[in-house]
Amino acid sequence: MICISIYTMQLEIQIESSMEHNLRLALTKQQFELFYQPQVNSSEKLIGAEALLRWHHPVLGYIPTKEFIPAAATFGLMPEIGEWVLDQACQVLQDWSKKEETKDLTLSINISADHFMQSNFEHTVIGLVQRYDFNPSRLILEITENIALNNCASMIEKMHFLSKHGIQLSLDDFGTGYSSLSYLQKMPIKQIKIDRSFVQAALDDKRSNKLVTGIIKIGLDLNLRVLVEGIETAEQFSAFKSNGCTEFQGYLWGCPMSLNEFIKQLSIKTDKE
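See below:
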């Protein structure tokens, strides 16, 4: 038993060490890439996309995000990975700003707490916007509730600095964590995102439906845009649209795809119109 336990511990250490090495290698070897999932308004018109991180390992292929993001956080790599994502997103927005069919689209990216809490984070963001020269309101930074709840005063100060410079802020997975109600009025949030876990539950369960309806009402009463993610059926879209949601994301309009595929689908849609 002792031998097995020691062997298991050694194996776990080797796996962790290998994961950290591979993640650092992924950054230097450009193995990360962004996939783009469409976002639409209540008329199903494309208004933007969420950029989602993917790791294309040369041997293992695409590694699920849920398998490497926790490891990256453990090894303190999220700020570095976040910088890469931010830079890539800004490059895309620069390119989109030059084309008629994409100049009005927004691009949302997820910001980890570790990245957001970097002392120079807000200045880095503004520096990239200026470097790539695009409308800052096209960039949406998705933050989670734990960012607002962690060292509240300094975090909110960062948010106001970004908002003052035109960056949009979105509160991601709203309703799944600690209560954010006391912070919403202090934060310069433009949008709240309802987590996909509420989507089918709201249709199947009366209590869940009341909860979601309440969340939507809170957002609308505060003049926030309310986006629901994880919409897969016309029934779900109709239900959340009727409840007041203003923006939508999910497989009903497309799964996360490469930038080339996203632009290709946009071009096909534009040609049809």
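In this text, residue positions in the sequence shown follow the numbering used here: the first is 1031, and each later residue adds one. Each residue gets a CB set at the ideal place from its N, CA and C atoms; glycine is no exception.
Separation of the CB atoms of H1087 and E1063 is rounded to 11 Å, and the pair is thereby denied contact status at 8 Å.
Following the DSSP letters along the chain, one finds D1117 inside the alpha helix (DSSP H) bounded by residues 1108–1126. Annotation: Q1266 to D1235 spans about 13 Å, alpha carbon to alpha carbon.
Taking C-alpha positions only, D1144 is separated from L1252 by approximately 28 Å.
Residue environment for I1298: exposed (fewer than 16 other C-beta atoms within 10 angstroms of its C-beta). Just measuring C-alpha positions, the residue of N1165, I1141, N1150, S1142 sitting nearest L1135 is N1165.
Sixteen is the threshold: when 16 or more other Cβ atoms of the shown chains lie within 10 Å of the Cβ of A1079, as they do, the residue is buried. Per DSSP, R1237 has no beta bridge partner at all. Counting only the Cα atoms, E1187 lies some 12 Å from S1149. Excluding the 5 residues flanking it on each side, A1056 has same chain C-beta neighbours closer than 7 Å at F1062, W1085, in chain order.
A distance below 8 Å separates the beta carbons of I1261 and F1278.
Annotation for K1194: the continuous alpha helix (DSSP H) segment containing it runs 1182–1194.
When C-alpha distances from H1051 are compared across I1248, P1094, A1101, I1077, the shortest belongs to A1101. Excluding five sequence positions before and after I1141, the CB atoms of its chain that fall closer than 6 Å to its own CB belong to L1171, I1173, given in chain order.
For S1288, the CB contacts under 7 Å within the same chain, skipping 5 residues up- and downstream, are F1065 in chain order. It is roughly 36 Å from the alpha-carbon of S1272 to the alpha-carbon of K1128.
In this structure, L1192 and A1119 do not form a Cβ contact; the two beta carbons are roughly 14 Å apart against a cut-off of 8 Å. For G1157, the enclosing alpha helix (DSSP H) covers residues 1151–1162.
The C-alpha of V1229 is placed about 9 Å away from the C-alpha of S1238. As the crow flies, the alpha-carbon of L1241 is around 18 Å from that of E1175. Rounded to the nearest whole angstrom, the CA to CA distance from Q1060 to G1244 is 43 Å.
Straight through space, the alpha carbons of V1115 and L1083 are spaced by roughly 7 Å.
If you compare the alpha carbons of H1195, A1231, E1259 with that of L1201, the shortest gap goes to E1259. Within the model, the alpha-carbon separation for G1106 versus E1131 is close to 38 Å.
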